[in-house]
Amino acid sequence: MSGIASYPAGSTQLLLGNQAIARGALEAGVQVASSYPGTPSTEIIETLAEVAKERNLYVEWSTNEMVAIEVATAASFAGLRAINPLKHEGMNVAMDFLAHLNLTGVKGGLVVVVCDDPQPWSSTSENDSRLIAKWLHVPLLEPATGQEALEMTKYAFELSEKIGNFVMLRSCTRISHGTSNVVVGELPTTQRTAKFEGTDAPHGRHAVILSMEPKIQAMLEETPFNQYQGPEHPELLIVASGTGRPYSVEAVEMLGLKDSVGILHLGTTWPMPKKVIEKHLPRTNRVLVVEEVDPYIESNLRDIATDIGWLAGERAVLGKRSGHLESVGELTPDRVIGALVSILDLEYQSTDKEYRQQAQAYAQKLVSDRNTVWCAGCPHRGSLWAVKQALKLDGRDGFATGDIGCYAMDRRSGYGSAKTGSVMGAGIGHASGFGRLGQFGFKQPVIALSGDSTFFHAVVPGLINAKHNKANITLLVMDNDATAMTGDQPHPGVSHDAMEQEAYPVSIEGICKGIGVPVQVFDPFDLDKTVPALLESVQTEGQEGPRVIIMKRPCVLLPDQRNKEHDYKVWIDQSQCLGESCGCGQYCVRVFKCPGLMWDRAAGKAKIDDASCYGCGLCAQICPVSAIKKEPIHAAV
Amino acid sequence: MQPSKTFADPFNMVVAGIGGQGNVLAARLLGMTLTHLGYHVSMGETYGASQRGGAVMSHVRASKAHLHGPLIPEGRAHVVVSLEPMETVRVLRQYGNPEVVCIVNDRPVRPTGLAGIGYPELSSLHDAIDALSRRAWYVNATDMAIKLGTQLVSNVIICGALVGTRTVPITEKDFEDTLQREMGGRRRLEVNLKAFRDGIAAVQEAAVR
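Those protein sequence lines, which keep their order, are chains A and B. The opening residue of the first sequence carries number 1 in my numbering; numbering runs sequentially from there. The opening residue of the second sequence carries number 1001 in my numbering; numbering runs sequentially from there.
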């Protein structure tokens, strides 16, 4: 046995929140798991995939989140337990289907785990997915610790089968990517047989799911997930969910408020546990709600407090709406401390004032930002450098429409050709639209960017749209054999699946040809070919419809690439390097920006950082005076 | 060797570095050791895109009383373990206090682009770290790791240095036991044990100087 399947029941493990969720699913007898990679949800599928063979699971990285939830639902329709983890942005993709599935209902337990990314650390948006549960009238659970993540996942499967609908479990970055001690339970010894016997049609079912809500509420009131700890009549009652609970417990301990502040932990947050709230509200006159992202509980609690007549006179519900907690960015222990200090009029210093001032002064002088960059040897550096050069040579203010993947870094810390970038597939959709603005005087060339996984996920419909509607654009597909940004998961274009079994590689080139779009394939490091090809494509006057250029080279973080020997020995002849007077100033280090290039301050010249250089030789093509030298390590290169 | 002094509860450690330096694994090994010693351990990671040159920070928290949240409150670090000098100052700005101790890999990793050109002199970073901590130890773990044949073990060298300073409730044997359990493959285990012991030796030499 390996991975999470190897832990003996009753043992204490140190688990990532996502591993705890995966173990909970395994203990509940999950048989099918499907998803599309998305931080911070990815490890749930990866953890289950690791034990798929020995536990006889089916685990899939699907083409996109909507397909993933439909795949998981098929298993549920056939009577099996299934899990569908996603990040909040993936939840938006799945929504079209989910907003009907709540009406259809499910058979085998189906748990949708949505991992929100407050701040956001690894996303383009900061959403609160909890509002979806309220909108769709499905139960919502919010774990506060790794242990609770495991317990709630198990319970969510049971609940789902009891009510005949899917259940939402809401995690967030600090739960999913937090690590803590978890005591694991028993694994089941039997599996179900899949058999489909029909489903309800969604029409006319709105009334049915509404009538279920009071029943679900009654069940959730009975769970151990809503708990009060604190004095009988606290001066202030904290109502906390998710990370809000440990942060509140710590803030109360640090400020010495155990005798005056109570904490009501809510783990079931739709339907709201009204009776639990009714029981605890009368303890006090003031409530502080501590939760991640939106004032979701705060607003629902105000409704209940108003309905039962508690919220009147001097009584108050405080939190984000009252300005005591920030409405933007993730919750932290210090934010909770700040709210308590302000509400209870306390004194608190995180450390002495002089130290803090000194630390700030040092940091201001010595610490600089570290922009995320493409790795040394990353094929995207070649592809996006070619885009920049082609658009510059064209000279008509051309631009790229960006998409989601490592290449999205072009916009903020790369070469700046990409001027848009929000969700998967938007790049080609925007380009398709720009490509039809000619009748209004639009003359700028447009290059839509796409990765390989993104191409399958959401770009194909946009490309078909551009072809059908004759949009005059170029689509650049950067094919690196992986869903790289989330950790090199497989996608439909590669020849293995999530469980490391052989899979059919669908051809991007073949799809483009099938649509009737002209396609060219290049090595992104061959700038002598890629720059002219892109220039020619954007300068094709009067041509109707899109052209596709595929840049093919594997991600350097793939296991077989990571440890391979360098292609070239690369060095800088400092006698030729123009130093600070080069181009617009330190061209290779400042503009081209590869981690393998550094500035030799003593010599005033560029230098290769041997610890970082991947030996790809790309930089040798960009030095204006050819001071960067490369020599093949093997004659065959 | 048994650490004789008592340690704060919760005991808060920050492990900092750049994506790809292995600080998440270092934090995990420390967390596993503390779990094995019967502590309630919680850890949180803060990063942008960890593989791509960004600043990465792990919080490791251990308590005999109860499980804490994944984030250390500001100004409450007891130990900062840093795989890069500039990152040490970044962490001290938020989590430092006059009593904190630092164990620093003294090999700079310059940010790419313009920011990298202006990377400060190492001596200025030392001045800041010394001024902002009760005590700091500097070890060139990257060069030591290269001598062992792989840069990858610089994180375990720094763990060795940390244990060698006796500023954590972890003994040499405790951490070696974790390596024995977690490092599959005889060669991998040997190089990691060597790295760990080299780290201890390095900090003990530094202490004598």
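Ideal Cβ positions, reconstructed from N, Cα and C, are used throughout, including at glycine. Just so we're clear, the structure is a prediction, and the values are computed from it rather than from any experiment.
- Along the region 346-414 of chain A, the beta strand (DSSP E) occurs as fully enclosed runs of 3 or more residues at 399-401, listed in sequence order.
- Glutamate 298/A and glycine 319/A have their alpha carbons spaced roughly 7 Å apart.
- Look at the region 1171-1198 of chain B: it has no residue with a C-beta under 7 Å from a C-beta of chain A.
- Under a 10 Å Cβ-count criterion, tryptophan 135/A is classified as exposed, with fewer than 16 other Cβ atoms of the shown protein chains found around its own Cβ.
- Under a criterion of Cβ atoms nearer than 8 Å, the residues of chain B adjacent to glutamine 358/A are, in order, Ala1131, Leu1132.
- Fewer than three Cβ pairs drawn from the region 189-208 of chain A and the region 1034-1049 of chain B lie within less than 8 Å of each other, which leaves the two stretches out of contact.
- Proximity of aspartate 117/A to chain B, defined by a Cβ-Cβ separation below 7 Å, is not satisfied.
- For cysteine 588/A, there is no enclosing beta strand (DSSP E), as DSSP marks it with neither H nor E.
- Chain order gives no chain B residues near methionine 478/A, where near means a beta carbon separation below 8 Å; the closest approach is about 15 Å.
- Residue environment: asparagine 102/A is assigned as buried (16 or more neighbouring CB atoms within 10 Å of its CB, all protein chains considered).
- Taking CB atoms only, lysine 605/A has no neighbour in chain B less than 7 Å away.
- For methionine 168/A, the pairing in a beta bridge is given by DSSP as Val112/A, Leu140/A.
- For threonine 1150/B, no chain A residue has a C-beta closer than 9 Å to its own C-beta; the minimum C-beta separation is roughly 11 Å.
- Counted as a single uninterrupted DSSP element, the beta strand (DSSP E) harbouring valine 1056/B occupies residues 1055-1063.
- Counting other Cβ atoms within 10 Å of its Cβ, alanine 1008/B stays below 16 and is therefore classed as exposed.
- Between alanine 74/A and alanine 498/A, the C-beta spacing is not below 7 Å.
- Close to chain A, meaning a Cβ-Cβ distance shorter than 7 Å, are the following residues of the region 1083-1100 of chain B: Met1086, Val1089, Arg1090, Leu1092, Arg1093, Gly1096, Asn1097, Pro1098.
- Contact with chain A is absent for histidine 1059/B, since none of that chain's Cβ atoms lies less than 7 Å from the residue's Cβ.
- A distance below 7 Å between beta-carbons, with the five flanking residues on each side excluded, links valine 71/A to the following residues of its chain, in chain order: Ser34, Glu60, Ser62.
- Annotation: Cβ neighbours of aspartate 334/A in chain B (cutoff 8 Å, chain order): Pro1073, Glu1074.
- Taking the Cα positions, alanine 602/A is about 56 Å away from alanine 240/A.
- Per DSSP, the unbroken alpha helix (DSSP H) holding leucine 1125/B starts and ends at 1122-1131.
- Under the three-state reduction of DSSP, aspartate 479/A is assigned to strand.
- Taking the beta carbon of glycine 262/A as reference, no residue of chain B falls within 9 Å; the closest one sits roughly 17 Å away.
- Of all residues in the region 355-382 of chain A, those with a C-beta nearer than 8 Å to a C-beta of chain B are Tyr355, Arg356, Gln358, Ala359, Gln360, Tyr362, Ala363, Lys365, Leu366, Val367, Ser368, Asp369, Arg370, Asn371, Thr372, Val373, Trp374, Cys375, reading in chain order.
- Boundaries of the beta strand (DSSP E) harbouring glutamine 520/A: 519-522, taken from the DSSP string.
- The straight-line gap separating the alpha-carbon atoms of valine 208/A and valine 138/A is approximately 12 Å.
- If only complete runs of 3 or more residues are kept, the region 404-464 of chain A shows the beta strand (DSSP E) at 418-420, 446-451, in order along the chain.
- In the structure shown, isoleucine 511/A falls within a helical segment according to DSSP collapsed to helix, strand and coil.
- Taking 7 Å as the cut-off, the beta carbon of tryptophan 310/A is found closer than this to the beta carbon of leucine 281/A.
- Chain A has a Cβ within less than 7 Å of the Cβ of alanine 1128/B.
- At a Cβ-Cβ threshold of 7 Å, glutamine 13/A and threonine 47/A do not count as neighbours.
- If the five residues before and after glutamate 1099/B are omitted, its C-beta is found closer than 7 Å to the C-beta atoms of Arg1134, all from its own chain and listed in chain order.
- Within 9 Å of the CB of glycine 1022/B, no CB atom of chain A is found; the nearest one sits about 13 Å away.
- In this structure the region 594-612 of chain A does not lie against the region 538-550 of chain A, because fewer than three pairs of beta carbons, one per stretch, are closer than 8 Å.
- Within the model, the alpha-carbon separation for glutamine 1094/B versus asparagine 181/A is close to 26 Å.
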